[in-house]
Amino acid sequence: MLHDIAVGVDGSPAGLAAAHWAAREAGRRGTGLSVVHVWHPHPRPAPYVPLDRTEHQWAEQILREAADAVRGAHPGLRVTERLVCDATVAALAGAAADAELLVLGSLGLGAVGGFVTGSVSQRVVARSPMPVVLVRAGRSEAGEHLPAVDGIAPEEIPETPYRPVVLGLDLAHPCDELVEFAFDAARRRGTVLRVVHAFKVPARAAFDPAAPAAVPGPAPGPEASAATEGAVTGVLRPWRQKYPAVPVTQLVSEGRAAVALVHAAKDAGLLVVGRRASGHRLGAHTGPVAHAVMHHVGCPVAVVPHD
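For the sequence shown, position 265 matches number 251 in my numbering, and the numbering has no gaps at all.
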């Protein structure tokens, strides 16, 4: 049974960009879209609520306007509205549990050059039992596709090829959920899957080449790259057989994974990374690589929880 895609909206441009991205993804998956707005009453009227509205009325208006905008831009898509009065993080994590994936908006570049990912989004990503996609403010349908030739009409944009899907692969934890999410995303878009893996050579290996058996991990130099490339190929082999129509490229490099992913995702349409699920809400976190790309990658970022 297919579940709907859920999107959290808050009346911001980032939330609206997320809603439209989620609607397009629902169309690709053949599901409906659940538009969710979470609100909770304050002891005193919130300053952002108009004087002629109650907080509940204002929440209803935010939800209605977002849903109407999606319906107008995506006719034929089944759109439902869900207004929740609860703590924001708990409510959005609950919405994710009932969906195939949850989509949230993320602000644009901050003063120090990184994207602004709010504390609510980060906490939801850390707690969600399902994949969460973060979409930047201002992200449009054209951004999902390769640059169009001059003179193409706006309605022809969906016919231009999609940008690549990038997968950050951790050989220490090559979980099925993460790899399948990326392959499926590339298949639905008819585009290439770019698999990125970065590795670090242990410091002792560089200074003690005479005793490689005593030092875990690859030796430095071309041998390390070749061995790692072979390991990546081995992990991907059954998935390439399962998704034969998906072209795959492998990028293996020595260094920090976050740096390699930020570079590889510059021209991507979607970046897919993993998050190890701790199983404990109080100890939930995104991990250093997911945290870094959430703040420094401009394309939508899908964070997939796994064991």
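For glycine and all other residues, C-beta sits at the position ideal for the given N, C-alpha and C. Being a predicted model, the structure only gives us computed values, none of them experimental.
What are the partner residues of residue i, as DSSP defines its beta bridges?
i	result
S(-2)	For S(-2), which the question treats as bridged, DSSP gives no partner whatsoever.
I48	Beta-bridge pairing links I48 to no other residue.
H23	L69
A(-8)	S20 and L88
E240	F185
L153	V181 and V258
V234	L179
Y148	H131
Leaving aside the five residues before and after residue i along the sequence, list all residues of the same chain whose C-beta is less than 6 Å from its C-beta, in chain order.
i	result
A199	Residue confidence for A199 is low, a pLDDT of 47 falling below 50, so the modelled location carries little weight and cannot support an answer.
A254	R149, P150, V152 and C285
V111	V118, T272 and V289
G1	V(-5) and G91
R125	A3
Q236	V181 and V218
P276	One point to set straight first is that residue 276 is Ala, not Pro, in the sequence displayed. So the qualifying residues of the chain are V259, R261 and V289.
A77	V24 and V70
P(-1)	A123
How is the alpha helix (DSSP H) around residue i delimited, first residue to last?
i	result
R226	P208 to K228
P291	Counting along the chain, P291 falls outside any alpha helix (DSSP H), though it belongs to the beta strand (DSSP E) covering V287 to H292.
H183	It is not in any alpha helix (DSSP H) - H183 instead sits in the beta strand (DSSP E) that spans L179 to F185.
E294	What the structure shows of the chain is the stretch from -13 to 293, and residue 294 is not part of that stretch, so it cannot be assessed.
V279	P274 to H282
L247	A243 to A250
Once the 5 residues before and after residue i are set aside, which same chain residues still bring their CB inside 7 Å of it?
i	result
V232	F169, A172, R173 and L179
E32	Residue 32 is actually Ala in this sequence, not Glu. Once the five neighbours on either side are set aside, the close Cβ partners of A32 are E41.
G176	Y148
S114	A79, A82, L88 and P291
V238	H183, S211, T214, E215 and V218
V75	V106, R109, V110 and R113
G99	Because the pLDDT at G99 is just 47, under 50, the model does not fix this residue reliably, and the point stays unresolved.
L268	In this prediction, L268 scores a pLDDT of 44, lower than 50, which makes its location untrustworthy; no coordinate-derived value is stated.
H266	Confidence is the limiting factor: at H266 the pLDDT is only 48, short of 50, which leaves the residue's position unreliable, though a coordinate-based value still follows. So the list is empty, once near-sequence residues are dropped.
R242	A184
Between the Cα of residue i and those of the options, spot the shortest distance and give me the residue it belongs to.
i	options	result
E240	A8, L257, T219 and E209	E209
G18	H249, V56 and A288	V56
A8	A128, L87 and W44	L87
G(-3)	A32, E41, E51 and R39	E51
L132	G154, T146 and E142	T146
A251	R262, W225, H281 and P274	H281
A85	M116, H60 and V70	M116
C71	P144, G(-6), A4 and P27	P27
E142	G154, L155 and E127	E127
S20	Q43, P(-1), T66 and A5	T66
H(-11)	P36, H23 and A81	A81
K228	F167, V245, A244 and P61	F167
L256	R122, L93, R39 and L37	R122
L49	Q108, E130, H277 and H23	H23
R10	D54, H60 and H159	H60
R64	A12, H277, P274 and P224	A12
A53	L120, V35, A(-8) and A263	A(-8)
A73	E163, L37, W25 and P144	W25
Near residue i, which residues of its chain fall below 8 Å by C-beta distance, leaving aside the five closest residues on each side in sequence?
i	result
L157	H183, F185, T214, A217, V218 and V221
E46	L69
V279	G154, A244, L247, V248, A251, L257, V259 and V287
V165	L153, L155, V221, L222 and W225
P274	A244
H159	G260, R262 and H292
R15	L(-12), I(-9), E86 and R174
G104	S92 and L93
Taking the continuous beta strand (DSSP E) assigned at residue i, which residues delimit it?
i	result
R262	L256 to R262
Quick check: is the beta carbon of residue i nearer than 8 Å to any beta carbon in chain D?
i	result
R64	In summary, chain D is missing from the structure at hand, where a single protein chain is found.
Kindly examine the ligand COA and report whether one of its heavy atoms sits closer than 7 Å to the Cβ of residue i.
i	result
V259	As far as ligands go, the structure on display features none, and thus does not contain the ligand COA.
Next on the checklist: Could you tell me which whole beta strand (DSSP E) segments of length 3 or greater appear in the stretch 52 to 139?
Outcome noted: 65 to 71, 88 to 92 and 118 to 122
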